[in-house]
Every structure is written in structure tokens, then in C-alpha cells.
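Q: Below you will find the structure I want to go over with you.
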């Protein structure tokens, strides 16, 4: 893959991530996480061809994982506050 191709792909992934997050900062973070995940997969499986679909799916899954973590964290904070009020 040539650098020009990579730049074009990252712009597409960024636009997609921005549509998911609605935040430029979060979209940039999500792009970085997506590319890091792709790099790790390519390192473990050098013969594997990574498509743009793989990157979109990876970005979506990472976005969903982060949303789940936030919800879980919020629920735990609420439970902690409730238990402190009772105690």
C-alpha cells in the first residue's frame, strides 16, 4: 500500500468515525485506535489483506465497545452513590 492510498483511506475512515462520534477529537482517537488494531492484525498475520471494509467494521466495533464501557461505568457510579447514601 502506498502512502497516498493510506492517506486517502484514513480520510475516509475519519469521516466515518466523525459520523459515529459527532466529535472531531473522538473521531481522531477512533481513527488512531482503528489503525493500531489494523497494524496489530497485519503484524500477526502478514499475509492477510486488510480491506477498507475491515477498517470500517473495526472502527464501528471499537466505537460500540467504548459506548458500552461508558454505560457500564455510569451504572457502576450510580450504584456506588446509592450504596453510599444507604450506608
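Numbering (our numbering), first residue to last: 2 to 88. Backbone N, C-alpha and C fix where the C-beta goes; we use that ideal spot for every residue, glycine too.
1) Quick one: what's got a C-beta closer than 8 angstroms to residue 49's C-beta in the same chain, skipping five residues either side?
2) Would you decide whether residue 37 is buried or exposed? Buried here means 16 or more other CB atoms lie within 10 Å of its CB.
3) Is it true that the CB of residue 60 sits closer than 9 angstroms to the CB of residue 14?
4) Quick one: Cα of residue 7 to Cα of residue 67, how far?
5) Enumerate in chain order the residues of its own chain whose CB-to-CB distance from residue 34 is below 7 angstroms, with the five nearest sequence positions on each side excluded.
6) Please name the residue in 54, 26 and 27 whose C-alpha comes closest to that of residue 39.
7) Near residue 17, which residues of its chain fall below 7 angstroms by C-beta distance, leaving aside the five closest residues on each side in sequence?
A: In brief:
1) As a working mapping, residue 49 is identified with position 48 in the chain shown. Hits under 8 angstroms: 42 and 43.
2) Translated into the one-based positions of the chain shown, residue 37 becomes position 36. Answer is exposed; the Cβ neighbour count stays below 16.
3) By 1-based counting over the chain shown, the position of residue 14 is 13. By 1-based counting over the chain shown, the position of residue 60 is 59. In this structure, residue 14 places its C-beta atom within 9 angstroms of the C-beta atom of residue 60.
4) As a working note, residue 7 is residue 6 in the chain shown. As a working note, residue 67 is residue 66 in the chain shown. Spanning the alpha carbons of residue 7 and residue 67 requires a straight line of approximately 25 angstroms.
5) As a position in the chain shown, residue 34 is number 33, starting the count at 1. Taken in chain order, the residues that qualify are 63.
6) Here residue 39 refers to the residue found at position 38 when the chain shown is read from its first residue. Checked all of 54, 26 and 27; the closest Cα to residue 39 is 54.
7) Reading the chain shown from its first residue, position 16 is the one you call residue 17. Result list for residue 17: 57 and 60, in chain order.
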